[in-house]
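Student:
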Amino acid sequence: MNKKYSIFSLIKNAFSYHENWEKAWKDPQPKKEYDAIIIGGGGHGLATAYYLAKKHQMNNIAVVEKGWIGGGNTGRNTTIIRSNYLWDASAGLYDHALKIWEGLSQELNYNVMFSQRGVMNLAHNLQDVRDLKRRTHANRLNGIDAVYLNTDQVKKFCPIINTSQSIRYPVLGGTLQRRAGTARHDAVAWGYARGADKMGVDIIQNCEVKSIKRNGDTVEGIETTRGFIKTNKIGVVAAGHSSVIANMAGLKLPLESKPLQALVSEPVKPIIDTVVMSNAVHAYVSQSDKGELVIGAGTDDYVSYSQKGSHDIVEGTLNAILELYPIFSRMRMLRQWGGIVDICPDASPIISKTSIKGLYFNCGWGTGGFKATPGSGDLFAHTIANDEPHKLNAAFNINRFVSGDLVDEHGAAAVAH
Amino acid sequence: MFIISCPYCGEREQSEFKAGGEAHIVRPKQPTELSDDEWAEYLFMRKNIKGIQYERWNHIHGCRKWFNLVRDTSNDEIKSVYKMGEKPPSI
Chain A
1 MNKKYSIFSL IKNAFSYHEN WEKAWKDPQP KKEYDAIIIG GGGHGLATAY
51 YLAKKHQMNN IAVVEKGWIG GGNTGRNTTI IRSNYLWDAS AGLYDHALKI
101 WEGLSQELNY NVMFSQRGVM NLAHNLQDVR DLKRRTHANR LNGIDAVYLN
151 TDQVKKFCPI INTSQSIRYP VLGGTLQRRA GTARHDAVAW GYARGADKMG
201 VDIIQNCEVK SIKRNGDTVE GIETTRGFIK TNKIGVVAAG HSSVIANMAG
251 LKLPLESKPL QALVSEPVKP IIDTVVMSNA VHAYVSQSDK GELVIGAGTD
301 DYVSYSQKGS HDIVEGTLNA ILELYPIFSR MRMLRQWGGI VDICPDASPI
351 ISKTSIKGLY FNCGWGTGGF KATPGSGDLF AHTIANDEPH KLNAAFNINR
401 FVSGDLVDEH GAAAVAH
Chain B
1001 MFIISCPYCG EREQSEFKAG GEAHIVRPKQ PTELSDDEWA EYLFMRKNIK
1051 GIQYERWNHI HGCRKWFNLV RDTSNDEIKS VYKMGEKPPS I
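Line by line, the protein sequences are chains A and B. Mapped onto my numbering, the consecutive letters of the first sequence carry residue numbers 1 to 417. Mapped onto my numbering, the consecutive letters of the second sequence carry residue numbers 1001 to 1091.
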């Protein structure tokens, strides 16, 4: 199992028409007991398991996933990676992730197609200009690369943008983070799954958690569709369904789960070689390696687990896209879908212990969790293994909603909510 | 997207309405005596139910009145509509 991928293995397997590649991860039966169980086999959950095994030598662990790995928000997001957040706590968290992204393909021996094509955030009014300039300065003080661009520089960096000052929301400037970019979302889940499997982690798919067994204030295990599994450490990384799992344990979280939509166009030749985001008019766009435009829409304002959103949200986004990029006016959209995102009141995540011993939550990533996948897994693994947070995620504890020490990142979250 | 039957205006598209979140969260009667935990519970903690949820909506692009819905959040099916102050139906 799990031989190293290389040019030689590629050539060797070419001789057998690529029909004899070993499985990238096993399909094990759940054991009776594990040292820790991660609920949720998305990017964050698999990364958590990977770092638990790699950095904390916890190899007798499992990831349980109700569907297939990477089938939730990991496979539904718009793959944007950046770390230009305002507050020190967020800058530390997201830039930690970005630094891991930079060496991730080599570390996993799996091409996650990380592409540092830059992310540009546009300003459309005077307040945007002030906020983005402030954020640029804050970023630079935190060692995060950021530059402020005027309208001409925006046009030069991405020539297809309509910088006419007579449109409804003219481009007044923007910020650019050159180290930011995109990655292949499925490959991230698969790469971490392969890496974790190699170190002995059981990845158990089609295994839905039905209840959490507690003995007083300590967890004892989980009841699943594939039987009871004993453990005294549970890490929940269930994204939109975090509250559902929390309710099983008798906890309430400060989350609301809402549909977030994205869509892709028919594939075309390379036309946009970066990622452009605009909070004010709510449009963001990049181009996939297949040539599709990848467009992110907004969240609906009501709680729903239906994995479909409203058409008027998509229409609003496309109106903005067309005003900013008239060149796309005759593009046809191929696919549109929704994912359920768990949103915290302060638009920052929770990576934290809870009042129940042995129960940990990594949730509340809302509309922007993909970018943090490696850092989130690393810090959550640290939190689970040591039963206390790493200094980088200490601020993202669940208790901040009691103390009032919130990390308000509504300005830096790309999706207004 | 779904159709909501406003108790004052009748059936309209959901996009005419604004969701107001979980219903029947009572504002504390004596705020000065609340502990930090109780404030957090009131301000931030939500059931966020997958299934039957009681919630508030406002017909912002219509009569601008608030009312309550009972909705299945797993498939957006609306079970019941009732006015503010009315007793919530048991579903």
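The beta-carbon is built from N, C-alpha and C at its ideal position, and this holds for glycine as well.
For B/Ala1040, which option in A/Phe401, A/Gly200, A/Gly369 and A/Val407 has the closest C-alpha, if you only look at C-alpha atoms?
Tutor: Ranking the options by Cα distance to B/Ala1040, first place goes to A/Phe401.
Student: List the DSSP bridge partners of A/Ser278.
Tutor: Bridge partners of A/Ser278: A/Ala283.
Student: Can you find the residues in the same chain that come closer than 8 Å, C-beta to C-beta, to A/Met1, ignoring five residues on each side of it along the sequence?
Tutor: Residue placement at A/Met1 cannot be trusted, given a pLDDT of 49 that sits under 50; the coordinates are not used to answer.
Student: Round the Cβ separation of A/Cys363 and A/Ser242 to the nearest angstrom and send it over; I've been treating them as touching at under 8 Å.
Tutor: About 4 Å separates the two Cβ atoms, so the contact holds.
Student: Express the C-alpha separation of A/Val171 and A/Ser164 in angstroms, rounding to a whole number.
Tutor: Cα-Cα distance, rounded: 8 Å.
Student: Around the C-beta of B/Thr1032, are 16 or more other C-beta atoms found within 10 angstroms, so that it is buried, or is it exposed?
Tutor: So B/Thr1032 ends up on the exposed side.
Student: Going by other Cβ atoms of all chains shown within 10 Å of its Cβ, with 16 needed for buried, is A/Glu65 buried or exposed?
Tutor: A/Glu65 should be labelled buried.
Student: Can you give the Cα-Cα distance for B/Ser1074 and A/Ile340, rounded to whole angstroms?
Tutor: Spanning the two alpha carbons is a distance of roughly 11 Å.
Student: How about A/Leu359 and A/Val201: are their beta carbons less than 8 Å apart?
Tutor: No, the Cβ-Cβ distance between A/Leu359 and A/Val201 is not below 8 Å.
Student: Under the rule that 16 or more other beta-carbon atoms within 10 Å means buried, what is A/Gly216, buried or exposed?
Tutor: It is exposed - the Cβ of A/Gly216 has fewer than 16 other Cβ atoms within 10 Å.
Student: Any beta carbon of chain B sitting closer than 8 Å to that of A/Ser355?
Tutor: So no, A/Ser355 is outside the interface.
Student: Quick one: does B/Thr1073 have its CB under 8 Å from some CB of chain A?
Tutor: At least one chain A Cβ lies under 8 Å of B/Thr1073.
Student: Which of the three DSSP states is assigned to A/Ile418 in this structure?
Tutor: Given that chain A is displayed from residue 1 to residue 417, the structure contains no residue 418 of chain A and the question cannot be resolved.
Student: Give a yes or no on whether the C-beta atoms belonging to A/Val415 and A/Thr373 are separated by under 8 Å.
Tutor: No, these two residues do not count as a Cβ contact at 8 Å.
Student: Taking 8 Å as the threshold (beta carbon to beta carbon), is A/Ser243 in contact with chain B?
Tutor: At least one chain B Cβ lies under 8 Å of A/Ser243.
Student: Find the nearest neighbour of A/Glu208 within the set A/Gly221, A/Ser115, A/Gly67 and A/Trp365, judged by alpha-carbon distance.
Tutor: For the residues A/Gly221, A/Ser115, A/Gly67 and A/Trp365, the minimum Cα distance to A/Glu208 belongs to A/Gly67.
Student: Alpha carbon to alpha carbon, what distance is there between A/Val119 and A/Ala178?
Tutor: First, the residue type needs correcting, since residue 178 of chain A is Arg and not Ala in the sequence shown. So the alpha carbons of these two residues sit roughly 6 Å apart.
Student: For A/Asp405 and A/Leu253, what's the separation of their Cα atoms in angstroms?
Tutor: Each residue's alpha carbon lies about 16 Å from the other.
Student: At what residues does the alpha helix (DSSP H) containing A/Pro374 begin and finish?
Tutor: From DSSP, the alpha helix (DSSP H) with A/Pro374 extends over Thr373 to Asn386.
Student: Given that a residue counts as buried once 16 or more other Cβ atoms are within 10 Å of its Cβ, and exposed if not, what is A/Thr225?
Tutor: Answer is exposed; the Cβ neighbour count stays below 16.
Student: Using a beta-carbon distance below 8 Å, is B/Arg1046 in contact with chain A?
Tutor: For B/Arg1046, the answer is yes, since a Cβ of chain A falls inside 8 Å of its Cβ.
Student: Can you pull the chain B neighbours of A/Leu253, defined as C-beta to C-beta under 8 Å?
Tutor: What A/Leu253 touches in chain B: Met1045, Arg1046 and Asn1048.
Student: By the DSSP assignment, the beta strand (DSSP E) with B/Phe1017 in it spans what residues?
Tutor: B/Phe1017 -> no beta strand (DSSP E), and no H or E assigned at all.
Student: By a C-beta neighbour count over all protein chains shown, 10 Å radius and 16 as the cutoff for buried, is A/Gln499 buried or exposed?
Tutor: Because chain A in this structure spans residues 1 to 417, residue 499 of chain A falls outside the shown range and cannot be described.
Student: Are A/Trp365 and A/Ala239 touching if we call contact CB-CB under 8 Å?
Tutor: It is a contact, given that the beta carbons lie within the stated cut-off.
Student: What distance in whole Å lies between the Cβ atoms of A/Pro30 and A/Ala53, which are believed to be in contact at a cut-off of 8 Å?
Tutor: No, A/Ala53 and A/Pro30 are not in contact; Cβ-Cβ is about 17 Å, not under 8 Å.
Student: Take A/Asn109 and list the residues in its own chain whose beta-carbon comes closer than 7 Å to its own, dropping the five residues that flank it on each side.
Tutor: Correct list, in chain order: Lys4 and Tyr5.
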